[in-house]
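> Okay, so the sequence shown: first residue is 1 according to UniProt numbering, each after it adds one.
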Amino acid sequence: MPISAGVDLADVFFNEEDLPYEEEILRNAYSVKHWMRYVEHKRNAPKFVINTVFERALKELPGSYKLWYNYLKTLRRQVKGKCITDSEYEEVNNAFERALVFMHKMPRIWMDYCAFMTGQCRITRTRQLFDRALRALPITQHHRMWPLYLQFLRKFDIPETAVRVWRRYLKLCPEDAEEYVEFLVSIGHLDEAAQQLASIVDNENFVSKHGKSNHQLWNELCELISKNPDKVHSLNVDAIIRGGLRRYTDQLGHLWNSLADYYVRSGLFDRARDIYEEAIQTVTTVRDFSQVFDAYAQFEELSLSKVMEEMAKNPTPTEDEEIDVELRMSRFEYLMERRLLLLNSVLLRQNPHNVAEWHKRIELFEGKPHEIINTYTEAVHTVQPKLAVGKLYTLWVEFAKFYEKNKQLPDARIVFEKAVQVDYLKVDELASVWCEWSEMEIRAENYDEALKIMQRATAMPKRKVAYHDDTETVQMRVYKSLKLWSMYADLEESFGTFQTCKQVYDRIIDLKICTPQIIINYALFLEEHNYFEEAFKAYEKGISLFKWPNVYDIWNTYLTKFLKRYGGQKLERARDLFEQCLDGCPPDLAKNLYLLYAKLEEDHGLARHAMAVYERATTAVKEDEAFAMFNLYIKKAAEIYGIPRTRQIYEKAIEVLQEAQSRQMCMLFAEMETKLGEIDRARAIYAHCSQMCDPRITAEFWQTWKEFEIRHGNEDTMREMLRIKRSIQATYNTQINMMSATLINSAVTGAGSSEPRDAMRALEAKAAETSARAIAAVGASGGNIMFVRGETQGGSKNADKVVNPDEIDIDEEDDEEEDEEEGAEGEGGEAAEDVSKKMPIQKQAVPAKVFGSLRREEEEDE
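1. Mind checking whether L255 and I241 have CB atoms under 7 Å apart?
2. What residue does the alpha helix (DSSP H) around P62 start on, and which one ends it?
3. Label V207 either buried or exposed according to how many other C-beta atoms from any shown protein chain fall within 10 Å of its C-beta, with 16 as the threshold for buried.
4. Hey, which unbroken runs of the alpha helix (DSSP H) at 4 residues or more fall wholly within the segment 385–442?
5. Using only the alpha-carbon positions, how far apart do G795 and A730 sit?
6. Give the straight-line distance between the Cα atoms of A653 and E527, rounded to the nearest whole angstrom.
7. Are the segment 328–339 and the segment 296–310 touching by the rule of at least three beta carbon pairs closer than 8 Å?
8. Rounded to whole angstroms, what's the CA-CA distance from A489 to E449? Just pull it up for me.
9. Given a cut-off of 7 Å on the beta-carbon distance, is the pair I649 and F669 in contact?
10. For the alpha helix (DSSP H) containing I139, list its first residue and its last residue.
11. Do E659 and M692 have their C-beta atoms within less than 7 Å of each other?
12. Rounded to a whole number of angstroms, what is the C-alpha to C-alpha distance between E179 and P138?
13. Nearest-angstrom Cα distance between N94 and Y30?
14. For L430, I'd like the list of residues in its chain whose CB is within less than 6 Å of its CB, leaving aside the five on either flank, ordered along the chain.
15. Hey, how far is the Cα of Q128 from the Cα of L150?
16. Taking the straight line between their C-alpha atoms, what separation do you get for T646 and R723?
17. Compare the C-alpha of K483 against each of L595, Q517, T282 and T124 and name the closest.
18. For M718 and I554, what's the separation of their Cα atoms in angstroms?
19. Closest to Y447 by C-alpha separation, out of D510, E493, A279 and Y65, would be which residue?
20. Please identify the residue among H104, R76, A239 and F102 whose C-alpha is closest to the C-alpha of E91.
21. Helix or strand or just coil, what does DSSP make of N28?
22. If L395 and V355 are in contact, beta carbons under 8 Å, what's the gap, nearest whole angstrom?
23. Our contact map puts M96 next to Y71 with C-beta atoms below 8 Å; I'd like the distance itself, whole angstroms only.
24. Could you name the residues that DSSP lists as bridge partners for N354?
25. H529 and L571 - do their beta-carbons sit closer together than 7 Å?
26. In angstroms with no decimal places, state the Cα-to-Cα distance between P805 and N631.
27. Under a three-way DSSP split, which group does S481 fall into?
28. Is it buried or exposed for A412, if we count other Cβ within 10 angstroms and need 16 for buried?
29. Assuming I280 contacts L259 under a Cβ cut-off of 8 Å, what Cβ separation, rounded to an integer in Å, is found between them?
30. So for Y531, helix, strand or coil by DSSP?
31. Given that a residue counts as buried once 16 or more other Cβ atoms are within 10 Å of its Cβ, and exposed if not, what is E601?
32. Assign S87 to one of two classes, buried (16 or more other C-beta atoms within 10 Å of its C-beta) or exposed (fewer than that).
33. Closest to P549 by C-alpha separation, out of K73, A136 and T515, would be which residue?
34. Are there 16 or more other CB atoms within 10 angstroms of the CB of R246, so buried, or fewer, so exposed?
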């Protein structure tokens with residue numbers, strides 16, 4: 001505040017501490033720094049004193065922004081907390097006005113002044129002040145004033161002024177239109193808000209600050225205008241919402257409901273009902289349909305309940321009221337009954353070429369023949385063959401069957417006649433139509449007509465076309481349809497003559513579209529009419545057409561029928577057929593054919609030929625079937641030649657089969673020798689088999705051998721068996737240890753070696769050498785079983801002393817005798833023979849099975 005003229009400067013100072021500051025100011029009167037230092041010194045002085053210092057400073061430096069800013073700040077602090085009607089507020093206002101004389105381009109001064117004036121609740125003066133600030137400041141500084149201006153508008157209830165100011169603001173910042181809309185809605189100016197929101201939606205370049213999409217803005221506009229029809233008058237609501245329907249075709253349910261809601265709130269209920277009907281007839285998604293239908297049903301239900309409530313209040317309702325209630329109830333019931341049909345219409349609008357949905361629609365019209373006929377007609381004209389989802393021909397067939405069920409065969413024939421002219425996507429569909437047409441004639445007992453239809457269907461086109469040529473129509477290619485020819489052949493078998501049926505089958509073979517089943521059916525047809533050689537010729541044609549494995553069924557049927565027909569009368573021909581069949585036959589299909597061949601030789605040929613077939617079969621079948629085939633071979637050899645003849649077969653089987661099967665065959669071989677009383681042979685077989693039996697895995701084998709020695713052996717043989725078991729166990733352990741050590745050594749010393757295969761071969765060779773030594777120890781060499789008596793095999797001097805639970809305790813005397821016997825190696829065999837001569841020998845009758853069927857036949861002859 002200014003200093004009066006009557007005040008002396010000496011009266012300003014209260015103490016001598018101010019003298020240094022006064023002297024500095026006298027020396028530097030135009031230094032802002034010295035004045036600010038003086039102000040800082042006087043910060044705790046009374047407000048009159050500090051204000052006087054500021055006034056003196058501003059008198060010297062009226063253009064200093066720093067002095068004015070701090071002075072005004074100090075003044076505002078001094079009036080803070082006082083009533084806004086206090087006179088000091090006006091003094092501060094005057095100080096701001098004086099400051100703006102010099103600081104009119106400083107936005108901070110204007111902002112502080114406007115904020116200070118807003119707090120004084122002087123609306124008109126504050127508005128004028130904001131307008132002065134916007135006129136005084138450059139346009140680049142306006143963005144600092146407008147937030148305070150808008151805040152002032154929100155603080156006071158001045159709607160008209162606020163609308164006008166907002167319009168001015170949007171010219172500078174059109175991107176804040178959403179905030180303007182929210183403000184208009186908050187003050188109840190809905191018509192202005194709808195107009196502004198409509199302009200936002202129409203502006204394609206508008207970007208929402210709240211992250212809303214254009215569709216969301218559309219929904220807000222529709223909701224605003226539909227829920228306030230009495231307040232929005234400037235816009236055409238129907239046109240706006242329909243524009244949204246044209247633009248956003250994927251989410252129509254909400255927009256349709258908004259349009260209907262607008263008419264409902266406007267009291268135009270019939271118009272709202274029309275909108276709902278139009279919506280459910282045009283939406284294309286199930287979600288939109290559900291939204292519209294639920295709103296429609298709720299509208300009808302509320303309308304009905306409202307009328308019924310009013311009617312209940314009136315004890316004596318009039319006739320018009322009763323009719324109105326019945327009408328509304330009928331509308332509601334009709335709407336609920338149509339729900340499935342309307343939903344089906346939605347799905348068909350999504351894809352009018354969906355055949356399954358057309359069938360469902362026809363089912364919904366059950367009991368309404370005219371509607372069904374119209375739906376079928378619409379379906380077959382709407383669905384395009386190339387776009388059809390599902391089998392198009394089923395629509396035509398069901399259409400014809402509908403007429404057939406209603407005893408209208410001429411109309412059904414007309415439908416089929418049109419159906420066979422449709423350009424289907426696949427030949428099989430057209431063939432199915434022809435077959436259905438023929439079956440309809442069969443059901444009507446028009447057999448000749450059915451045959452004529454099949455003749456038309458299978459007629460050759462004017463020019464030759466390929467079956468898989470998609471550029472040609474299906475009508476040109478249907479003559480090669482196997483489905484069509486198969487039914488034609490069945491019809492000829494049932495209702496035609498022998499010659500016509502034979503011609504059909506021959507035609508199928510000539511077209512080269514037959515299958516093995518067609519060949520078999522043709523042959524069986526000829527056989528039923530006693531044309532056996534013709535049937536065999538049909539089999540031969542089929543054999544020439546097909547290769548393995550497709551020809552297997554033809555060969556199997558052909559050979560079976562041939563043997564049944566001729567038996568052994570044409571043996572050489574049958575053998576030629578079997579040889580032709582087995583030439584190139586895959587192993588997985590050879591078993592049954594070989595068994596059939598062997599059966600022929602057994603029944604009508606020679607025994608040695610049958611044995612030769614069985615022998616061939618053992619190598620021709622799959623590996624997993626070879627064991628069963630060897631068993632059968634052994635059984636047949638025992639029946640024909642006797643059991644001794646099977647020894648060669650057993651040996652071959654043991655040599656050829658896999659290890660597990662070979663082990664099983666060894667046990668069967670040993671069991672047979674045991675039954676024949678050949679104990680030494682059985683023991684040798686066990687010894688041979690032991691070379692492929694790891695005691696840790698094949699405990700069953702060792703238990704079987706142990707039981708065998710308990711029943712038929714002695715202490716020496718038992719000891720020999722245990723020695724072999726330990727040897728085999730050591731062999732397997734040694735192989736594993738050696739292989740592990742070699743692999744570890746090669747990994748350590750030759751990690752970079754490029755020849756790992758040579759190291760593996762060396763390990764395999766060493767394992768084979770160890771196995772060969774073990775085999776030589778028990779008398780086996782070269783893969784042949786050596787039959788050696790168990791008594792001549794003595795124990796080793798340096799026998800392993802490891803305790804074995806399977807070992808039988810033997811006295812020390814026996815060990816000494818055994819050592820003495822082993823001392824003379826050369827004389828051991830002769831001593832064993834002398835002992836065997838002195839021992840009594842028991843005789844046993846030879847079993848009859850040894851001699852086989854041939855010996856029995858000789859005895860019967862004698």
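C-beta atoms are modelled at their ideal positions from N, C-alpha and C, and glycine is treated no differently.
With the given structure in hand:
1. Reading the sequence shown from its first residue, position 255 is the one you call residue 255. Reading the sequence shown from its first residue, position 241 is the one you call residue 241. It is a contact, given that the beta carbons lie within the stated cut-off.
2. In the sequence shown, the residue the question calls residue 62 occupies position 62. Run containing P62: none; DSSP gives neither H nor E here.
3. Numbered from its first residue, the sequence shown carries residue 207 at position 207. When all chains shown are included, V207 counts as exposed.
4. Taking 4 residues as the shortest admissible run, the segment 385–442 contains the following complete alpha helix (DSSP H) segments, listed from N- to C-terminal end: 393–405 and 409–419.
5. As a first step, residue 795 is located in the sequence shown; it is residue number 795 there, counting from the start. As a first step, residue 730 is located in the sequence shown; it is residue number 730 there, counting from the start. Because the pLDDT of G795 is 38, which lies under 50, any placement of that residue in the model is unreliable, and the question is left without a value.
6. Position 653 of the sequence shown, counted from the start, is the residue given in the question as residue 653. Position 527 of the sequence shown, counted from the start, is the residue given in the question as residue 527. Each residue's Cα considered, the two are about 43 Å apart.
7. yes
8. Start at 1 with the first residue of the sequence shown, and residue 489 comes out as number 489. Start at 1 with the first residue of the sequence shown, and residue 449 comes out as number 449. Straight-line Cα distance between these residues: approximately 15 Å.
9. For the purposes of this step, residue 649 is identified with residue 649 of the sequence shown, where counting begins at 1. For the purposes of this step, residue 669 is identified with residue 669 of the sequence shown, where counting begins at 1. Contact: no.
10. Mapped onto the sequence shown, residue 139 falls at position 139. The continuous stretches of alpha helix (DSSP H) do not include I139, and DSSP gives it neither H nor E.
11. For the purposes of this step, residue 659 is taken as the residue at position 659 of the sequence shown. For the purposes of this step, residue 692 is taken as the residue at position 692 of the sequence shown. In contact: E659 and M692 (Cβ atoms closer than 7 Å).
12. For the purposes of this step, residue 179 is identified with residue 179 of the sequence shown, where counting begins at 1. For the purposes of this step, residue 138 is identified with residue 138 of the sequence shown, where counting begins at 1. Straight-line Cα distance between these residues: approximately 25 Å.
13. Taking the first residue of the sequence shown as 1, we reach residue 94 at position 94. Taking the first residue of the sequence shown as 1, we reach residue 30 at position 30. Cα-Cα distance, rounded: 24 Å.
14. By one-based count along the sequence shown, residue 430 stands at place 430. The residues are Y424, V474 and V478.
15. Taking the sequence shown and counting its residues from 1, the one referred to as residue 128 is at position 128. Taking the sequence shown and counting its residues from 1, the one referred to as residue 150 is at position 150. Taking the straight line joining both Cα atoms gives about 14 Å.
16. Stepping through the sequence shown from its first residue, residue 646 is reached at position 646. Stepping through the sequence shown from its first residue, residue 723 is reached at position 723. If you take the alpha carbons of T646 and R723, they lie about 30 Å apart.
17. Translated into the one-based positions of the sequence shown, residue 483 becomes position 483. If we check each option's Cα against that of K483, Q517 comes out closest.
18. Position 718 of the sequence shown holds residue 718. Position 554 of the sequence shown holds residue 554. Computed Cα separation, rounded: 58 Å.
19. As a first step, residue 447 is located in the sequence shown; it is residue number 447 there, counting from the start. Among D510, E493, A279 and Y65, the Cα nearest to that of Y447 is on E493.
20. Your numbering for residue 91 matches position 91 in the sequence shown. Nearest neighbour of E91 by Cα position, chosen from H104, R76, A239 and F102, turns out to be R76.
21. Translated into the one-based positions of the sequence shown, residue 28 becomes position 28. Correct three-state label for N28: coil.
22. By 1-based counting over the sequence shown, the position of residue 395 is 395. By 1-based counting over the sequence shown, the position of residue 355 is 355. Right, the Cβ-Cβ distance comes to about 6 Å (below 8 Å), so this counts as a contact.
23. What you label residue 96 is simply residue 96 of the sequence shown in a count that begins at 1. What you label residue 71 is simply residue 71 of the sequence shown in a count that begins at 1. The sequence shown places Phe at residue 96, rather than the Met named in the question. Contact flag wrong, Cβ pair sits at about 10 Å.
24. On the sequence shown, residue 354 is found 354 positions in, with the first residue counted as 1. Partner(s): V389.
25. Numbered from its first residue, the sequence shown carries residue 571 at position 571. Numbered from its first residue, the sequence shown carries residue 529 at position 529. No, Cβ-Cβ distance for L571 and H529 is not below 7 Å.
26. Position 805 of the sequence shown, counting from 1, holds the residue named residue 805. Position 631 of the sequence shown, counting from 1, holds the residue named residue 631. For P805, the pLDDT reaches just 44, beneath the cut-off of 50, and the residue's location in the model is therefore unreliable, leaving the point undetermined.
27. Within the sequence shown, numbered from 1, the residue matching residue 481 stands at position 481. Note: S481 maps to coil in three-state DSSP.
28. Counting from one through the sequence shown, the residue named residue 412 turns up at place 412. Label assigned to A412: buried.
29. Position 280 of the sequence shown, counted from the first residue, corresponds to residue 280. Position 259 of the sequence shown, counted from the first residue, corresponds to residue 259. Contact flag wrong, Cβ pair sits at about 13 Å.
30. Position 531 of the sequence shown, counting from 1, holds the residue named residue 531. It is coil, neither helix nor strand.
31. Here residue 601 corresponds to residue number 601 of the sequence shown, with the count starting at 1. Buried.
32. Position 87 of the sequence shown holds residue 87. By the neighbour-count rule (16 or more Cβ atoms within 10 Å), S87 is not buried but exposed.
33. Here the question's residue 549 lines up with position 549 in the sequence shown. Closest option to P549, Cα to Cα, is T515.
34. As a working mapping, residue 246 is identified with position 246 in the sequence shown. The residue in question, R246, is exposed, as its Cβ has fewer than 16 Cβ neighbours within 10 Å.
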